[in-house]
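Data block below; observations after.
Chains as they are written, first to last, in the numbering used here: chain A, 1 to 405; chain B, 406 to 658.
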């Protein structure tokens with residue numbers, strides 16, 4: 001492999017500012033929506049005392065999971081010594097940071113008392129996985145920051161491998177921590193499963209890579225930078241394998257659940273009669289989020305076309321959001337089993353009378369807050385690649401792998 | 406006339422000096438008398454463990470006096486539906502510390518009504534998951550929320566197996582001194598903790614129940630009425646499989 005040169009993102013100024021203006025307008029609208037929720041309180045959202053985490057959490061958790069996954073491309077270069085991926089490391093680290101910031105911002109702005117963030121940063125209950133996650137997230141930002149420095153500063157390069165390994169291990173712990181937010185909830189039928197943590201890790205691999213591919217293709221294409229098939233086809237194959245791995249985990253998760261009678265009602269809710277949650281599971285997550293992208297990515301012709309790779313990546317991301325919706329909201333909508341041997345006939349507080357699911361219909365403000373987190377991550381990424389040398393000057397086939405013509 | 410005037414003046418001075426003395430001394434006396442009743446300076450101890458025994462066989466179908474009593478005492482009835490909110494969504498978003506539930510046994514078809522509130526677990530999941538420690542358990546077994554450190558993340562609500570907690574979704578205009586509340590915090594039944602600290606007996610739900618279905622007391626005191634009642638007859642915990650050792654016990658379900 002030749003020496004890699006990096007260059008700032010050099011698209012024409014009017015186009016760059018035009019993109020920023022559009023993104024800025026979306027952020028402004030999202031900001032107004034957030035202020036509206038802050039000012040009025042959560043009653044203007046669809047969240048209630050039964051479905052306590054809504055659409056913002058769907059986006060926030062997706063972004064946090066994707067953030068740790070976006071770092072994998074860098075890890076392939078440093079930890080696993082795959083030199084072809086080395087030049088992709090800077091963008092990988094950058095996306096890991098921006099996606100995490102976007103996700104955390106959504107999470108914080110959805111708190112009942114966002115102004116008490118300082119309390120969350122200074123008062124800890126170490127029995128809570130949430131408290132640990134605060135350390136894991138802040139630590140992740142710091143470590144990836146140093147990791148990027150070792151990539152970009154020649155004098156720090158001797159620490160590159162060591163910091164890379166630390167970042168990789170940290171990201172695995174971080175995603176485990178995120179998955180455990182749900183895995184540790186004993187009260188809810190859909191969550192209490194150790195399998196959720198490793199499943200979140202494999203989901204992060206796919207969602208992070210899908211976002212990475214889209215940003216890489218967009219930035220290179222917009223500027224007319226060479227992006228050869230060699231690197232792209234490697235990445236898309238990797239995406240296909242990651243999606244297949246999620247598929248495996250989903251199958252195992254539901255099969256093990258079906259083995260225990262106590263989970264049958266929950267499984268029936270997700271797989272058969274849960275309305276929107278069943279539809280999102282089969283159509284959103286399984287079909288559009290896994291089977292169709294796998295079909296495209298492993299198709300001999302479609303898988304090699306740029307349009308096919310973009311389409312598959314977009315579907316993987318949408319499928320990921322559907323997956324989060326099914327896990328986060330579906331898990332809460334399924335009624336709590338307070339009286340396992342009894343049927344609830346009446347209640348002064350919903351309680352799933354006759355097994356009815358909890359009602360949740362997201363408001364536009366919630367969507368805007370969550371979507372705003374995604375747009376913020378993209379905006380910061382595009383500003384960073386414009387200002388600093390994150391993108392390789394060329395990823396043409398002869399630059400990436402000159403020995404294999 | 407002059408004598409009369411002097412007499413009046415003497416009376417005035419005498420009354421005024423007594424009043425002044427009373428003003429100066431009375432608060433001290435009052436404080437001392439309260440202090441005698443329950444020293445507020447002493448920390449709550451684990452010598453007590455407060456709890457409830459609910460006899461569902463006495464609980465009348467369709468009665469919700471306990472809910473009304475609780476909402477009055479803890480100011481939940483002061484909360485107003487926000488302008489623009491639908492009745493349906495307000496029902497799902499308004500806070501409830503206690504609710505009535507009617508259940509039917511799947512096998513026998515036996516129907517029972519019961520009040521459901523925070524179960525005041527010995528090992529509360531809501532306390533385990535709270536990132537800041539705002540959700541806490543007092544030494545005397547009362548599980549409650551410190552509203553100064555609650556950041557409104559709602560993780561405790563995710564973790565509670567009884568859906569006992571409520572989030573304040575709306576702006577609050579009226580705040581009762583016994584249960585101050587604000588938008589964006591989580592709260593739940595605290596066994597009328599203000600009564601514990603002011604040495605007032607019972608709970609609002611117990612006082613409101615005309616059927617004698619709710620019994621409040623000290624589970625650690627072997628001579629208390631609740632301990633005697635628990636010893637005497639069988640009782641159950643809700644979701645006993647979770648091994649949370651709840652402070653609220655039920656009879657007749």
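Idealized CB from N, CA, C, for every residue including glycine.
With respect to chain B, the C-beta atom of residue 262 (chain A) has no partner C-beta closer than 7 Å. The shortest C-alpha to C-alpha distance from residue 493 (chain B) to any of A:378, A:370, A:348 is the one to A:348. Interface annotation, residue 341 (chain A): in contact with chain B, CB-CB separation under 7 Å.
Linking residue 656 (chain B) to residue 628 (chain B) through their CA atoms gives a straight-line distance of about 20 Å. For residue 189 (chain A), not one C-beta of chain B is nearer than 7 Å to its own C-beta.
Look at residue 331 (chain A) here: in three-state DSSP terms it is helix. In summary, the residues of the segment 495–513 of chain B whose CB is separated from some CB of chain A by less than 9 Å are 495, 496, 497, 498, 499, 500, 501, 503, 504, 505, 506, 507, 508, 509, 510, 511, 512, in the order they occur in the chain.
Here DSSP, grouped into helix, strand and coil, assigns residue 455 (chain B) to strand. For residue 313 (chain A), the number of other beta carbons within 10 angstroms of its own is at least 16, and it is reported as buried. As DSSP reads the structure, residue 342 (chain A) sits in a beta bridge with B:510.
Listed along chain A, the residues sitting closer than 7 Å to residue 530 (chain B) by beta-carbon distance are 186, 187. Here residue 201 (chain A) has 175 as same chain residues with Cβ atoms under 6 Å from its own Cβ, once five neighbours each way along the sequence are excluded.
In the DSSP assignment, residue 520 (chain B) forms a beta bridge with B:505. Taking the CA atoms as reference points, residue 523 (chain B) sits about 8 Å from residue 548 (chain B). Pairing residue 42 (chain A) with residue 574 (chain B) gives a Cβ-Cβ distance under 7 Å.
For residue 483 (chain B), no alpha helix (DSSP H) run applies, since DSSP gives it neither H nor E.
Among the CB atoms of chain A, none fall inside 7 Å of the CB of residue 619 (chain B). Residues of the segment 628–655 of chain B whose Cβ lies closer than 7 Å to any Cβ of chain A, in chain order: 643, 644, 647.
Chain-order list of chain B residues neighbouring residue 42 (chain A): 572, 574, by C-beta distance under 7 Å.
Scanning chain B for C-beta atoms nearer than 7 Å to the C-beta of residue 52 (chain A) yields 559, 562, 563, 572, reported in chain order. Short of 8 Å from the beta carbon of residue 36 (chain A), and not among the five residues preceding or following it, lie these beta carbons of its own chain, in chain order: 44, 365. Within a 10 Å sphere around the beta-carbon of residue 13 (chain A) sit fewer than 16 other beta-carbons, which makes this residue exposed.
Within the DSSP secondary-structure output, residue 363 (chain A) pairs in no beta bridge. For residue 476 (chain B), the secondary structure class from DSSP, reduced to helix, strand or coil, is helix. Under the criterion of beta carbons closer than 8 Å, residue 289 (chain A) and residue 297 (chain A) do not qualify as touching, at roughly 13 Å. Taking 7 Å as the CB threshold, residue 130 (chain A) lines the interface with chain B. Following the DSSP letters along the chain, one finds residue 549 (chain B) inside the beta strand (DSSP E) bounded by residues 548–550. The beta-carbon distance between residue 505 (chain B) and residue 469 (chain B), rounded to whole angstroms, is 5 Å. This is short enough to meet the 8 Å contact definition. A straight-line Cα-Cα distance of about 40 Å links residue 326 (chain A) and residue 400 (chain A).
Counting C-beta atoms within 10 angstroms of its own C-beta, residue 450 (chain B) has fewer than 16 neighbours from the protein chains shown and is therefore classed as exposed. Identification of chain A residues near residue 567 (chain B) by a Cβ-Cβ cut-off of 7 Å yields 338, ordered along the chain.
With the rule of 3 Cβ pairs closer than 8 Å, the segment 116–134 of chain A counts as touching the segment 531–546 of chain B. For residue 619 (chain B), the enclosing beta strand (DSSP E) stretches over residues 619–623. Approximately 7 Å separates the beta-carbon atoms of residue 555 (chain B) and residue 113 (chain A); this is inside 8 Å, confirming the contact. Contact with chain A is absent for residue 584 (chain B), since none of that chain's Cβ atoms lies less than 7 Å from the residue's Cβ.
Within 7 Å of the CB of residue 533 (chain B), the CB atoms of chain A belong to 127, 128, in sequence order along the chain.
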